[in-house]
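Colleague: Quick note on this note's numbering: the sequence shown kicks off at 977 and runs consecutively. Every residue, glycine too, gets a C-beta built ideally from N, C-alpha and C.
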Amino acid sequence: MSEPKNPSTVSRRGFLKALGVSGAGLLVPSGAAMAQDGTPGPDDGELATLLDLSKCIGCGECVNACRESNAAKFPEPKKPFPDPIPSRRAKNEDWSEKRDVEDRLTPYNWLFIQTAEVEHKGEMLEINIPRRCMHCRNPPCANMCPFGAANKQQNGITRISDKLCMGGAKCRAVCPWHIPQRQSGVGLYLHLLPRLAGNGVMYKCDRCHQLVARGELPACIDVCPENVQTIGPRAEIIEQARKLAAETDGYIYGLEENGGTNTIYVSPAPFDKLDKALGKTKSKGKGRPHLQPVKDVMADETNLATATLLAPVAGIAAGMLGVGAALFGEEKNGPKEDGNER
Ligand code: SF4
Ligand code: SF4
Ligand code: SF4
């Protein structure tokens, strides 16, 4: 079947169906990025998003839509929290009384808007930047999770299972943008050794996996009045990003960063200027990711060796924790056939 070149120009809901995407967990757009000899290439099946920053007016509709669409996935912690032993171990983190915070990433806010004012080519520009998980092609958060709780799906979505995560925050430490955010008092650790191991669950954008699995658009993309975001097979998104950058004399972020991500920004001003401007207004820091160049974390030999060692351990841990989750009346975070997964 022929594929539409720009999914945002076809029916917005159900556009993935138009691409030939079906099934729940393994989303593979038909014919996506096949190598010339017909063998599957490294991009096969991965969906990427393109964000045209010249269009974003900072209205925040996407932030609201994300919160509404994903509200059922947000944590409902039990209090008081167990005190970690020793006390200098991971501190409890509680966002449950600050659920309305919208100017940074939290367990209850997986998307926020940064605004940078920069001078470029003699003009002052105000650029709004929707920020969330970059959905890296080779995500250290998933490769380095000791419990196998974070995983990358074949369709390019990286997810953290709220049923398996122990809240140790390794994913946040190794993520170049420190995206995942912890909520204590929730998750499997409460049933195991709550004072000795674990500290909650890590949360971040899961790219509305349940909507994508049904062939629908992620909520933030669907609601945007300016059509800032486009989603589609990675090869096509990259082609569009390069074309847009060439036509607008713009700049691209996400092609090289951390070895390549499935979130690609195109901006009318250079990203080093945006990053500096964010630093000046304190829009960068904890829960507010930077826009700097990022080396491929998993190309580091130590990280690669750690990930290789962890892989079987994480598999066993995930299996055991999965049994634990089942025993405690919870289930592994996999798509349900009825599409009602949280
Ligand atoms: S809804 Fe669209 S225009 Fe509004 S802030 Fe989000 S990305 Fe920007
Ligand atoms: S941006 Fe961070 S949290 Fe998201 S996939 Fe990459 S490493 Fe993981
Ligand atoms: S893709 Fe879904 S989960 Fe991610 S920021 Fe957009 S609305 Fe939120």
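Can you tell me whether lysine 1146 is buried or exposed, with buried defined as 16 or more other CB within 10 angstroms of its CB?
Modeller: Buried is the call here.
Colleague: Quick check: does the Cβ of asparagine 1046 come within less than 8 Å of any heavy atom belonging to ligand 1?
Modeller: Because no heavy atom of ligand 1 lies under 8 Å away, the Cβ of asparagine 1046 does not count as near it: no.
Colleague: Our contact map puts tyrosine 1229 next to leucine 1267 with C-beta atoms below 8 Å; I'd like the distance itself, whole angstroms only.
Modeller: About 6 Å; that satisfies the 8 Å criterion.
Colleague: Leaving out five residues before and five after serine 1030 in sequence, what residues of the same chain have Cβ atoms less than 6 Å from its Cβ?
Modeller: Within the same chain, serine 1030 has close Cβ partners Pro1244.
Colleague: State buried or exposed for valine 1077, treating a residue as buried only when at least 16 other CB atoms are found within 10 Å of its CB.
Modeller: Exposed.
Colleague: If proline 1053 sits next to valine 1162, beta carbons under 8 Å apart, how far is it from one beta carbon to the other, in whole angstroms?
Modeller: Right, their Cβ atoms sit about 4 Å apart.
Colleague: Using alpha carbons as the reference points, say which of Gly1176, Cys1196, His1111, Arg1075 lies closest to lysine 1067.
Modeller: If we check each option's Cα against that of lysine 1067, Gly1176 comes out closest.
Colleague: Do the CB positions of glutamate 1202 and isoleucine 1033 come within less than 9 Å of each other?
Modeller: Taking 9 Å as the Cβ cut-off, glutamate 1202 and isoleucine 1033 qualify as a contacting pair.
Colleague: Is glutamine 1090 near ligand 1, going by C-beta to nearest heavy atom under 8 Å?
Modeller: The answer is no for glutamine 1090.
Colleague: Considering glutamine 1186, what are the terminal residues of the alpha helix (DSSP H) in which it resides?
Modeller: It spans 1185–1189 - the alpha helix (DSSP H) in which glutamine 1186 sits, taken as one unbroken run.
Colleague: Take proline 1170 and list the residues in its own chain whose beta-carbon comes closer than 8 Å to its own, dropping the five residues that flank it on each side.
Modeller: Correct list, in chain order: Pro1058.
Colleague: Hey, quick one: how far does the beta strand (DSSP E) through proline 1116 stretch, first residue to last?
Modeller: Proline 1116 -> not in any beta strand (DSSP E); alpha helix (DSSP H) instead, spanning 1116–1119.
Colleague: With a CB to CB cut of under 6 Å and the five nearest residues on each side skipped, what residues in its chain are close to alanine 1092?
Modeller: Excluding positions up to five away in sequence, the list reads Ile1103, Leu1250, Ala1253, Leu1254.
Colleague: Taking the beta carbon of proline 1116 as the centre, do at least 16 other beta carbons fall within 10 Å, making it buried, or is it exposed?
Modeller: Proline 1116 should be labelled buried.
Colleague: Rounding to the nearest angstrom, what Cα-Cα distance links isoleucine 1133 and leucine 1101 in this structure?
Modeller: Looking at the two C-alpha atoms, the distance is approximately 32 Å.
Colleague: Between which two residues does the alpha helix (DSSP H) containing valine 1039 stretch?
Modeller: Unbroken alpha helix (DSSP H) run through valine 1039: 1037–1045.
Colleague: As a quick exercise: from Glu1233, Gly1236, Arg1107, Gly1144, pick the residue whose alpha carbon is nearest that of arginine 1183.
Modeller: With distances taken between Cα atoms, arginine 1183 lies closest to Arg1107.
Colleague: Can you tell me which of the three DSSP states lysine 1128 falls into?
Modeller: DSSP places lysine 1128 in strand when its eight states are reduced to three.
Colleague: If distances are taken between C-alpha atoms only, which option among Gln1205, Leu1023, Ala1041 comes closest to tyrosine 1084?
Modeller: Among Gln1205, Leu1023, Ala1041, the Cα nearest to that of tyrosine 1084 is on Ala1041.
Colleague: Determine the closest residue to lysine 945 out of Thr1237, Pro1122, Arg1210, with distance taken between C-alpha atoms.
Modeller: Outside the displayed span of the chain (977 to 1318) sits residue 945, for which this structure offers no information.
Colleague: Along the chain, where does the beta strand (DSSP E) that runs through alanine 1092 open and close?
Modeller: Element bounds for alanine 1092: 1088–1096.
Colleague: Please list, in chain order, all residues of the same chain as serine 1045 whose beta carbon is under 7 Å from its beta carbon, the five residues on each side excluded.
Modeller: Closer than 7 Å at Cβ, skipping near neighbours: Cys1184, Ala1195.
Colleague: Which residues mark the beginning and the end of the beta strand (DSSP E) in which glutamate 1099 is found?
Modeller: From DSSP, the beta strand (DSSP E) with glutamate 1099 extends over 1099–1107.
Colleague: Using three-state DSSP, classify glycine 1235 as helix, strand or coil.
Modeller: Glycine 1235: helix per DSSP, three-state reduction.
Colleague: Is it true that the CB of cysteine 1200 sits closer than 9 Å to the CB of phenylalanine 1086?
Modeller: Residue 1086 is actually tryptophan in this sequence, not phenylalanine. Going by C-beta atoms, tryptophan 1086 is not nearer than 9 Å to cysteine 1200.
Colleague: Between Met1274, Lys1139, Met1178, which has its C-alpha nearest isoleucine 1346's C-alpha?
Modeller: The question about residue 1346 has no answer, for the chain in this structure spans 977 to 1318.
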